[in-house]
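Student: I have a structure here, written as structure tokens, and I will follow up with some questions on it.
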Amino acid sequence: MPDTLTAPPARTQVPRRHLTGPNDLDLPLIEQLLEGAAGFERAGSASGPLRGKLLATLFYEPSTRTRFSFEAAMFRLGGQVLSAENAAEASSAAKGESLEDAMRIVSGYADAIVLRHPEVGAVERAARAAEVPVISAGDGAGHHPTQALLDLYTIKKELGRLDHLRIGLAGDLRHGRTARSLALLLSRFPGNELLMISPPELRMGTDVLDQLTGARVDQTDDFRSAMEGLDVLYQTRIQAERFASPDEYERYRGVYVVSVDLMHRLPERAILMHPLPRVGEIDPLVDADPRAAYFRQARNGLWIRMAVLDWAMER
Amino acid sequence: MPDTLTAPPARTQVPRRHLTGPNDLDLPLIEQLLEGAAGFERAGSASGPLRGKLLATLFYEPSTRTRFSFEAAMFRLGGQVLSAENAAEASSAAKGESLEDAMRIVSGYADAIVLRHPEVGAVERAARAAEVPVISAGDGAGHHPTQALLDLYTIKKELGRLDHLRIGLAGDLRHGRTARSLALLLSRFPGNELLMISPPELRMGTDVLDQLTGARVDQTDDFRSAMEGLDVLYQTRIQAERFASPDEYERYRGVYVVSVDLMHRLPERAILMHPLPRVGEIDPLVDADPRAAYFRQARNGLWIRMAVLDWAMER
Amino acid sequence: MPDTLTAPPARTQVPRRHLTGPNDLDLPLIEQLLEGAAGFERAGSASGPLRGKLLATLFYEPSTRTRFSFEAAMFRLGGQVLSAENAAEASSAAKGESLEDAMRIVSGYADAIVLRHPEVGAVERAARAAEVPVISAGDGAGHHPTQALLDLYTIKKELGRLDHLRIGLAGDLRHGRTARSLALLLSRFPGNELLMISPPELRMGTDVLDQLTGARVDQTDDFRSAMEGLDVLYQTRIQAERFASPDEYERYRGVYVVSVDLMHRLPERAILMHPLPRVGEIDPLVDADPRAAYFRQARNGLWIRMAVLDWAMER
Numbered sequence: 010m011p012d013t014l015t016a017p018p019a020r021t022q023v024p025r026r027h028l029t030g031p032n033d034l035d036l037p038l039i040e041q042l043l044e045g046a047a048g049f050e051r052a053g054s055a056s057g058p059l060r061g062k063l064l065a066t067l068f069y070e071p072s073t074r075t076r077f078s079f080e081a082a083m084f085r086l087g088g089q090v091l092s093a094e095n096a097a098e099a100s101s102a103a104k105g106e107s108l109e110d111a112m113r114i115v116s117g118y119a120d121a122i123v124l125r126h127p128e129v130g131a132v133e134r135a136a137r138a139a140e141v142p143v144i145s146a147g148d149g150a151g152h153h154p155t156q157a158l159l160d161l162y163t164i165k166k167e168l169g170r171l172d173h174l175r176i177g178l179a180g181d182l183r184h185g186r187t188a189r190s191l192a193l194l195l196s197r198f199p200g201n202e203l204l205m206i207s208p209p210e211l212r213m214g215t216d217v218l219d220q221l222t223g224a225r226v227d228q229t230d231d232f233r234s235a236m237e238g239l240d241v242l243y244q245t246r247i248q249a250e251r252f253a254s255p256d257e258y259e260r261y262r263g264v265y266v267v268s269v270d271l272m273h274r275l276p277e278r279a280i281l282m283h284p285l286p287r288v289g290e291i292d293p294l295v296d297a298d299p300r301a302a303y304f305r306q307a308r309n310g311l312w313i314r315m316a317v318l319d320w321a322m323e324r
Numbered sequence: 010m011p012d013t014l015t016a017p018p019a020r021t022q023v024p025r026r027h028l029t030g031p032n033d034l035d036l037p038l039i040e041q042l043l044e045g046a047a048g049f050e051r052a053g054s055a056s057g058p059l060r061g062k063l064l065a066t067l068f069y070e071p072s073t074r075t076r077f078s079f080e081a082a083m084f085r086l087g088g089q090v091l092s093a094e095n096a097a098e099a100s101s102a103a104k105g106e107s108l109e110d111a112m113r114i115v116s117g118y119a120d121a122i123v124l125r126h127p128e129v130g131a132v133e134r135a136a137r138a139a140e141v142p143v144i145s146a147g148d149g150a151g152h153h154p155t156q157a158l159l160d161l162y163t164i165k166k167e168l169g170r171l172d173h174l175r176i177g178l179a180g181d182l183r184h185g186r187t188a189r190s191l192a193l194l195l196s197r198f199p200g201n202e203l204l205m206i207s208p209p210e211l212r213m214g215t216d217v218l219d220q221l222t223g224a225r226v227d228q229t230d231d232f233r234s235a236m237e238g239l240d241v242l243y244q245t246r247i248q249a250e251r252f253a254s255p256d257e258y259e260r261y262r263g264v265y266v267v268s269v270d271l272m273h274r275l276p277e278r279a280i281l282m283h284p285l286p287r288v289g290e291i292d293p294l295v296d297a298d299p300r301a302a303y304f305r306q307a308r309n310g311l312w313i314r315m316a317v318l319d320w321a322m323e324r
Numbered sequence: 010m011p012d013t014l015t016a017p018p019a020r021t022q023v024p025r026r027h028l029t030g031p032n033d034l035d036l037p038l039i040e041q042l043l044e045g046a047a048g049f050e051r052a053g054s055a056s057g058p059l060r061g062k063l064l065a066t067l068f069y070e071p072s073t074r075t076r077f078s079f080e081a082a083m084f085r086l087g088g089q090v091l092s093a094e095n096a097a098e099a100s101s102a103a104k105g106e107s108l109e110d111a112m113r114i115v116s117g118y119a120d121a122i123v124l125r126h127p128e129v130g131a132v133e134r135a136a137r138a139a140e141v142p143v144i145s146a147g148d149g150a151g152h153h154p155t156q157a158l159l160d161l162y163t164i165k166k167e168l169g170r171l172d173h174l175r176i177g178l179a180g181d182l183r184h185g186r187t188a189r190s191l192a193l194l195l196s197r198f199p200g201n202e203l204l205m206i207s208p209p210e211l212r213m214g215t216d217v218l219d220q221l222t223g224a225r226v227d228q229t230d231d232f233r234s235a236m237e238g239l240d241v242l243y244q245t246r247i248q249a250e251r252f253a254s255p256d257e258y259e260r261y262r263g264v265y266v267v268s269v270d271l272m273h274r275l276p277e278r279a280i281l282m283h284p285l286p287r288v289g290e291i292d293p294l295v296d297a298d299p300r301a302a303y304f305r306q307a308r309n310g311l312w313i314r315m316a317v318l319d320w321a322m323e324r
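Residue numbers (the working numbering), protein chains in the order written: chain A, 10 to 324; chain B, 10 to 324; chain C, 10 to 324.
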């Protein structure tokens with residue numbers, strides 16, 4: 010089999026396999042992708058299923074970490090990558106071109122597109138215009154579906170199951186796309202309890218809450234008491250600029266930090282997760298605690314993104 | 010055959026195959042490149058003729074679209090790419106290094122260089138200093154030869170011939186490098202009529218007009234009347250900042266827009282082209298018209314750039 | 010052998026092979042790397058020893074030249090590259106993430122990391138946190154070990170030996186990391202004389218001088234007289250902003266320029282080197298002098314970086 014990129018970009022007639030948000034992920038697909046990821050983690054990808062394929066990564070909002078994760082996945086599947094680290098400045102977007110036009114044109118060069126964009130809903134718009142699969146790498150305060158998938162993968166790997174768990178989602182749940190997407194995916198599994206831990210100003214939006222019919226949902230702003238009975242503490246950032254006044258921010262800032270002391274309150278069997286980057290909301294002293302799963306979690310992104318790219322382009 | 014990059018950069022003794030502007034493109038070479046592109050479109054490139062070769066793309070003026078087009082072409086020929094999305098800020102240019110020095114040094118790492126630069130003539134200077142082939146990806150308001158080649162390829166594919174055509178070039182012909190390069194290449198074919206459609210302030214420069222001896226050339230600023238009898242309408246952008254006064258600009262802005270209404274005046278057999286990006290000068294409602302060829306045109310860039318890179322590095 | 014990237018990132022139990030500064034380079038390792046580079050220059054790398062490996066290049070301070078040199082080396086060894094041209098703006102660093110966290114996460118995606126960072130000591134910190142080899146591509150006014158290795162390679166290739174030489178290091182020796190690293194490596198070989206040529210304000214730091222016990226060291230600020238008896242003149246930049254007053258700068262600016270006239274004072278057998286980029290401190294008229302070795306020197310970076318990457322990832 011030749012290893013060069015020989016074929017023109019595929020023009021499939023069957024529906025394209027976009028992944029723009031949690032709505033594209035029903036339970037069978039979630040389980041298929043988690044199994045695919047586990048297969049890649051166990052065995053690698055000796056056959057190079059995406060040899061001859063080309064992925065375009067378009068980051069209209071820079072993120073070296075997420076971009077590298079997708080690109081490493083593509084290389085480890087045998088493919089090649091067109092990379093735009095800073096698409097907003099470097100592309101015709103700066104001249105006023107529509108996202109739709111950009112998608113149509115990049116569809117002519119690549120077999121799939123990974124898109125990070127600062128506007129909520131931009132990835133869905135892109136998918137409607139593109140002629141190849143579009144995979145979300147995050148859209149503003151909207152969603153981040155591959156992060157949620159790798160979070161599920163991590164929970165299953167660490168705790169053995171994805172149902173009948175008590176998961177605390179903490180921090181800025183209003184603007185945090187990772188917690189929003191994860192809540193939706195967790196609610197697809199039976200018996201889960203979601204404890205939303207946030208200041209009142211930063212509560213999760215009703216657009217998500219209204220869809221969590223499959224899970225029991227509680228809300229609190231008491232970070233310390235919330236630890237009790239958790240299987241997973243999913244910590245995220247709280248950002249100063251989100252508050253009406255500095256005083257308001259200061260009220261929460263010190264409270265929403267995972268310290269060695271707070272870890273005493275978290276059950277022994279639980280794990281601590283974080284989508285990273287962190288900027289103070291987990292004390293580095295906590296890193297040595299075996300329950301600190303966030304670096305293992307980051308690594309899992311590779312396997313999940315291999316599974317997603319393989320699924321999207323397999324035809 | 011090993012697929013890794015094994016050889017040191019080639020040091021050819023024969024003249025290097027630069028493509029810095031239309032002057033490098035005589036009729037036999039144009040026809041060779043158009044045929045090469047057609048071959049790649051039909052059959053792909055199973056043999057990976059540039060396997061083991063390394064292309065450097067240096068964009069001193071960012072352009073994700075054009076960069077992706079060249080890089081996709083290189084990957085599909087079996088090669089690899091060194092990519093500088095933002096060479097002006099990211100390179101020693103910011104420290105004051107000469108373009109000549111940069112070219113000499115990159116010649117040590119890559120087998121060919123694709124260069125976009127904001128200064129007219131910079132690509133020619135670069136080619137004189139480099140020790141590997143240099144391909145222009147546009148130099149300021151100068152030329153953009155691979156765009157002109159893909160425009161020719163599109164016209165031939167859509168209309169079946171490149172001679173005895175009436176082509177309207179519309180918009181800012183003074184600063185538009187794509188129209189400048191295309192006019193020169195079209196004049197190499199017999200019997201073509203070029204209708205230059207622009208406000209008086211934005212007429213095509215005499216440096217180009219004086220070389221169009223092989224074609225009949227007319228000029229007008231009446232956009233609507235110009236449609237009559239055209240085989241190709243090649244629309245480009247008009248930029249507000251080019252005019253002496255906002256009033257002047259407003260006089261032309263609304264007029265130089267391709268609307269559904271204007272398309273009624275364009276002959277049925279004609280095609281509408283645009284180098285893209287567009288920012289208002291073609292109404293998206295026109296996209297559905299089968300004569301709207303601009304997205305097909307963009308896709309053709311892949312085949313032409315495969316042909317150009319293969320030609321430049323084939324030895 | 011499949012050519013795709015099949016294996017998960019290596020988790021070696023033996024000590025990782027970092028190259029963070031001259032302290033990692035004892036004489037046997039220097040000689041091993043110089044021999045490796047010579048082998049790659051002679052024969053290329055037909056076997057693709059790093060096939061299936063992935064290198065991450067993280068430039069927190071942009072440098073197209075150095076990045077291309079490492080990436081070309083990786084491609085020519087058969088590997089693939091994750092590239093961050095502008096890591097400082099494009100990564101979580103902008104959100105306040107620690108370098109240590111970034112290294113842990115990128116360790117999950119790549120088999121080795123090349124790091125350029127504006128802070129002295131940052132590469133050493135990174136190596137302590139990373140789980141894969143970390144190679145310095147320069148740390149502020151600290152060190153630049155692969156540049157020093159390619160300088161050694163150049164001297165040996167041009168002059169036949171690395172001992173009993175008289176080498177003049179000229180320019181801003183206080184902030185010039187290339188001269189600092191080179192001085193340390195040269196002092197490992199017997200019988201070398203180092204003549205430090207700089208304005209008093211820009212003398213080499215005692216942190217380096219105190220370690221140069223294996224060489225005879227002299228200091229001068231008389232550029233012209235220093236030429237006498239040299240085997241190598243290693244010229245570097247003097248930057249205006251380093252001086253207390255413009256007058257001070259002007260006193261030295263004109264003096265520290267290598268002109269055709271100055272070359273008359275340099276011995277016939279000597280070579281002129283420069284880490285490049287240059288911005289006036291070598292007159293381009295000097296380029297035609299066969300003793301001007303700086304472009305040959307830049308090219309040697311490819312072979313040395315192939316040797317360093319191969320050594321770091323060979324297991």
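Note that beta-carbon positions come from the ideal geometry of N, C-alpha and C, so glycine has one too.
Is there a C-beta anywhere in chain A that falls below 8 Å from the one on E106 of chain C?
Tutor: Answer yes: the Cβ-Cβ gap between E106 of chain C and chain A drops below 8 Å somewhere.
Student: Three or more beta-carbon pairs under 8 Å between the segment 271–287 of chain A and the segment 45–63 of chain A, yes or no?
Tutor: Too few Cβ pairs lie closer than 8 Å, so no.
Student: Can you list, in chain order, the residues of its chain whose CB lies under 6 Å from that of Q306 of chain A, leaving out five sequence neighbours each side?
Tutor: For Q306 of chain A, where only same-chain residues beyond five positions count, the Cβ hits under 6 Å are T163 and M282.
Student: Quick check: E173 of chain C and G200 of chain C, are their CB atoms within less than 8 Å of each other?
Tutor: Residue identity differs from the one stated: residue 173 of chain C is His in this sequence, not Glu. A contact, by the Cβ cut-off of 8 Å.
Student: Is it right to say E323 of chain A is buried, meaning 16 or more other beta carbons lie within 10 angstroms of its own, or is it exposed?
Tutor: By the neighbour-count rule (16 or more Cβ atoms within 10 Å), E323 of chain A is not buried but exposed.
Student: Are the Cβ atoms of L42 of chain B and L59 of chain B separated by less than 8 Å?
Tutor: Going by C-beta atoms, L42 of chain B is not nearer than 8 Å to L59 of chain B.
Student: Quick one: is D160 of chain A buried, meaning 16 or more other Cβ sit within 10 Å of its Cβ, or exposed?
Tutor: Buried, by the Cβ-count rule.
Student: By Cβ distance, which residues of its chain are closer than 6 Å to M213 of chain C, with the 5 residues on each side in sequence left out?
Tutor: Result list for M213 of chain C: L182 and M205, in chain order.
Student: Name the one or two DSSP bridge partners that Y303 of chain C has.
Tutor: According to DSSP, Y303 of chain C bridges with nothing at all.
Student: Going along chain B in order, which residues have a C-beta closer than 7 Å to the C-beta of A96 of chain A?
Tutor: Simply T73.
Student: Evaluate the contact criterion for the segment 26–40 of chain A versus the segment 307–316 of chain A: three or more CB pairs, one atom per stretch, below 8 Å.
Tutor: Flag = no, the segment 26–40 of chain A and the segment 307–316 of chain A do not touch.
Student: Just the chain C side, please: which residues come within less than 8 Å of F304 of chain A by C-beta, in chain order?
Tutor: Chain C residues near F304 of chain A: R113, I114 and G117.
Student: Can you find the residues in the same chain that come closer than 8 Å, C-beta to C-beta, to V266 of chain B, ignoring five residues on each side of it along the sequence?
Tutor: The answer, listed in chain order, is G289, E290, I291 and D292.
Student: Taking C-beta pairs closer than 7 Å, name the residues in chain C that R91 of chain B reaches, listed in chain order.
Tutor: It should be pointed out that residue 91 of chain B corresponds to Leu in this sequence rather than to Arg. Result: F77, E80 and A81.
Student: For a contact meaning CB atoms closer than 8 Å, what does A65 of chain A contact in chain B?
Tutor: Neighbours of A65 of chain A on chain B, chain order: F77.
Student: From A:R262, A:T245 and A:P154, pick the residue whose C-alpha is nearest to that of F252 of chain A; which is it?
Tutor: It is A:R262 whose Cα lies nearest to the Cα of F252 of chain A.
Student: Output yes or no for whether 8 Å exceeds the beta carbon distance between A224 of chain B and L195 of chain B.
Tutor: For A224 of chain B and L195 of chain B, yes; Cβs fall inside 8 Å.
Student: Excluding sequence positions up to five away, which residues of its chain have a Cβ less than 7 Å from the Cβ of L171 of chain C?
Tutor: Hits under 7 Å: L161, I164, K165 and F198.
Student: Does DSSP put R76 of chain B in a helix, a strand or coil?
Tutor: Three-state DSSP puts R76 of chain B in a helix.
Student: Cα separation between A111 of chain B and E98 of chain B?
Tutor: Their Cα atoms are separated by approximately 14 Å.
Student: Express the C-alpha separation of Q156 of chain C and L193 of chain C in angstroms, rounding to a whole number.
Tutor: For L193 of chain C and Q156 of chain C, the distance between alpha carbons rounds to 12 Å.
Student: Is the distance from the Cβ of P31 of chain C to the Cβ of P154 of chain C below 8 Å?
Tutor: Yes, the pair counts as a contact, with Cβ atoms nearer than the cut-off.
Student: Less than 8 Å between the C-beta atoms of L91 of chain C and F68 of chain A, yes or no?
Tutor: No, they are not a contact pair.
Student: Output, in sequence order along the chain, the residues in the segment 277–296 of chain A whose CB is closer than 7 Å to any CB in chain B.
Tutor: Listed by position, the residues of the segment 277–296 of chain A near chain B (Cβ gap below 7 Å) amount to none.
Student: Between S116 of chain B and A139 of chain B, is the Cβ-Cβ spacing less than 8 Å?
Tutor: Yes; because the gap between Cβ atoms is below 8 Å, this pair is in contact.
Student: Considering just the uninterrupted stretch of the beta strand (DSSP E) at S145 of chain B, what are its terminal residues?
Tutor: Residues V143 to D148.
Student: So, helix, strand or coil for D319 of chain B, using DSSP?
Tutor: Looking at D319 of chain B - three-state DSSP - the assignment turns out to be helix.
Student: Under 7 Å Cβ to Cβ from F232 of chain A, same chain only, skipping five residues before and after it: list those, please.
Tutor: Closer than 7 Å at the Cβ level, and outside the excluded window around F232 of chain A, lie A179, I206, V264 and Y265.
Student: Identify whether E237 of chain B lies in helix, strand or coil by the three-state DSSP scheme.
Tutor: Three-state result, E237 of chain B: coil.
Student: Straight-line CA distance for G48 of chain C to E109 of chain A?
Tutor: Taking the straight line joining both Cα atoms gives about 51 Å.
Student: Under 8 Å Cβ-Cβ, which residues of chain B neighbour D110 of chain A?
Tutor: Correct list: L285, P286 and R287.
Student: Could you tell me which residues DSSP pairs with A121 of chain B in its beta bridges?
Tutor: Note: A121 of chain B sits in a beta bridge opposite B:L64.
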